[in-house]
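In our numbering, the protein residues as written are 1 to 71. The structure appears right after this line, and notes come after that.
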């Protein structure tokens, strides 16, 4: 699946979304399709909180593990 396709293979517009601030809380849950990372950030200037959810497939999770292991 290309980065700009849905799971059904249809293209979609990639929104230009930026989250500012450091992650102060996050969780990872795994299932048969891979993992979901949920991260909460707080903007240091405004104090606004954002929640981001990222679906990571098994290939992406393996890549992250390799990078964290320094390979």
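Don't be surprised by glycine CBs; every beta carbon is placed ideally from N, CA and C.
Item                                                                                                                           : Value
Helix, strand or coil: how does DSSP classify residue 69 here?                                                                 : coil
At which residues does the beta strand (DSSP E) containing residue 42 begin and terminate?                                     : 34 to 42
I'd like the span of the beta strand (DSSP E) that includes residue 18, first residue to last.                                 : Segment: none, residue 18 is in no beta strand (DSSP E) and carries neither H nor E.
Tell me which residue opens and which closes the beta strand (DSSP E) that residue 50 is part of.                              : 49 to 56
One question on the structure: do residue 56 and residue 37 come within less than 8 Å of each other, judged by their Cβ atoms? : yes
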